[in-house]
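One structure is given below, encoded as structure tokens.
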Amino acid sequence: MNASKRLYRSTQDRMFAGVCGGVAGYLDVDPTLVRLFFVALTLMGGPGIIIYLVLMLIVPEGPDVQQQKRKHDEEDDLSDSPEI
């Protein structure tokens, strides 16, 4: 098993929050199958929506988005500093 394999919300394959795309990437399956699983779980009276919302809150976004946010924050800090 790959020790560096982590679960992230997808930044590329997302429809709402990237949870299904992230789970699909982690499990190496098609994201459509994961989406259908969540829909089926919800329609059969299961906790599909609740599980999705919990994962949306707990699972971090992929490293690409985190790096972009840091870069954007650094640029804001630089633009806020007074010029001499």
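So the sequence shown is numbered by our numbering: it starts at 16 and just counts up by one. Idealized CB from N, CA, C, for every residue including glycine. Computed from a prediction, not measured in an experiment: that's the story for all the values here.
Inter-residue Cα distance where the pair is residue i and residue j
{"i": "glycine 60", "j": "valine 54", "result": "10 angstroms"}
{"i": "phenylalanine 69", "j": "phenylalanine 52", "result": "Per the sequence shown, the amino acid found at residue 69 is valine instead of phenylalanine. One C-alpha to the other measures close to 16 angstroms."}
{"i": "aspartate 43", "j": "valine 49", "result": "11 angstroms"}
{"i": "methionine 71", "j": "methionine 30", "result": "12 angstroms"}
{"i": "aspartate 79", "j": "leucine 58", "result": "33 angstroms"}
Same chain only: Cβ atoms within 7 angstroms of residue i, ignoring 5 sequence neighbours per side
{"i": "serine 25", "result": "Gly33, Gly36, Gly37, Gly40 and Gly77"}
Three-state class that DSSP yields for residue i in the structure shown
{"i": "arginine 24", "result": "strand"}
Within 8 angstroms, strictly: CB atoms of residue i and residue j
{"i": "proline 75", "j": "tyrosine 23", "result": "yes"}
Cβ-based neighbour list, residue i, same chain, cut-off 6 angstroms, excluding 5 preceding and 5 following
{"i": "aspartate 28", "result": "Gly36 and Pro46"}
{"i": "lysine 20", "result": "none"}
Cβ neighbours of residue i in the same chain (closer than 8 angstroms, five flanking residues each side left out)
{"i": "leucine 56", "result": "Pro62, Gly63 and Ile66"}
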